[in-house]
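Convert by adding 51 to the 1-based position in the sequence shown; the result is the number in the numbering used here. Beta carbons: idealized from backbone N, C-alpha and C, even for Gly. No experiment lies behind these values; they were computed from the predicted model shown. Everything below concerns the one structure shown next.
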Amino acid sequence: MSYLKFIATTTFGLEATVKREIQKLNFDNISVSDGMVCFTGDESSIPKANIHLRSSDRILLVIGQFKAFSFDELFEKTKALNWSDWIPKDGNFIITGKSIKSQLYSVPDCQSIVEKAIVENLKKKYNINWFEKSGALYKIQVAILKDIVTLTIDTTGASLHKRGYRDSAVIAPLKETLAAALIELSFWKKDRVFLDPTCGSGTIPIEAAMIAKNIAPGISRKFVSEEWLNIPKQYWKETRSKAYSDILVDFTPEIYGSDIDEKAIEIAKYNAAKAGVDDCIYFEVKPLNKIKLENDYGVCVCNPPYAERMGILKDVESLYKDMGKIFRNNKTWSFYTITSHEEFEKLYGKKADKKRKLFNGNVKIDYYQYYGIKPPKNSN
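Structure representation (structure tokens):
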């Protein structure tokens, strides 16, 4: 095994959440910057990170990092890296790029130069002049920030939010990675009641159930690096086997999801069954203003409509007022919601205990957090 550096990319605002997940996986040399968390490991870290991380978007393998102020520097320093350690002679490598505040600002030119440098490197290693690119995919990114070049290979493939259980969704669905992060940012523990009264296709309740039952988010999907020759198949097999054995099969959380849309609830039930958590989520068709909080110390996490995303502004604002009527006077319940509406607190009728800036796609949102009284120590 060798020492490797990785980047876990994430939505802006979720870096601390991803860092905590990486710490739980016992990776080393963890550092945080905007939109990413860096860490180190070995070849076995690739299946481990991809299968277990809930809030990250993808895992990038860092091949090299250096300063470059000219195309000649970019070519020579790229060519000097050990590309053949990862890319076989039939490897299907493609180049993507981005450049921010750098002298080398032409992304197409940078991509072309990096590709030529890699080809020259591999030609010398394999003693061939033509690459068929008929093998496994290696998506290489050249990212230049303030003249510092970072060259990575994507180990994930389809984004980590694609767990595999959501074939169907309603309009403007919440990404699974963001849904998981919202839950992780709440004070919810698996023994407490969980509610999403605007659940749509069920993403938030399903992610909550997977967290409660300790189901690894990537346990049932495939990753592009599973086809790479230098990651033993045994690593993937052992990681998945361990993940399956860690599932809390005998634990059943109490999770509720409701929505006014009957079709959405049908989709939610289907998705929950596909995720293997339909036995612990109670879905029903119900308007939010009919919700009754029958238990103490529950936690509500929801993604209600907001005008930029869907719905009519007047109806959306009425919904926010109904939320306040139901939750703000119940001192034992904790309430968490995201919205882009700047007047949410006024409509809800109470100032949030904490507000966090996030992004849902390209839409800037705020995560409003209202903390209820903690349950007694002899219970969760």
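The shortest C-alpha to C-alpha distance from Tyr357 to any of Met261, Lys415, Ser210 is the one to Lys415.
Secondary structure remark: continuous beta strand (DSSP E) runs of at least 3 residues inside the stretch 338-373, in chain order: 350-353.
Taking C-beta atoms under 8 Å as the contact rule, Ile257 and Asn354 fail to qualify, at a distance of about 13 Å.
A residue is called buried when at least 16 other Cβ atoms come within 10 angstroms of its Cβ; Phe120 does not meet this threshold and is exposed. Residue Asp417 holds the alpha-carbon nearest to the alpha-carbon of Leu65 among Pro427, Lys425, Asp417. In this structure Gln420 is buried. Its beta-carbon is surrounded by 16 or more other beta-carbon atoms within 10 angstroms. Ala168 sits in a helix when the DSSP states are folded into three classes.
Burial of Asn101 is indicated by the presence of at least 16 other C-beta atoms within 10 angstroms of its C-beta. According to the DSSP assignment, Thr290 belongs to the alpha helix (DSSP H) that extends over 284-296. The beta strand (DSSP E) runs of length 3 or more contained entirely in the stretch 102-157 are, from start to end of the chain, 109-118, 143-151. About 5 Å separates the CB atoms of Ala232 and Thr68; that is less than 8 Å, so the two are in contact. Leaving aside the five residues that flank Thr390 on each side, the residues in its chain whose CB is nearer than 8 Å to its CB run, in chain order, Pro355, Tyr357, Tyr371, Ile416, Asp417, Tyr419. In the DSSP assignment, Asn411 falls within the beta strand (DSSP E) that extends over 405-411. As computed with DSSP, Tyr419 is found in a beta bridge with Thr388, Lys406.
Pro427 counts as exposed, since fewer than 16 other C-beta atoms from the protein chains shown sit within 10 angstroms of its C-beta.
Contact between Ala260 and Ile332 holds: CB atoms are separated by about 6 Å, below the 8 Å threshold.
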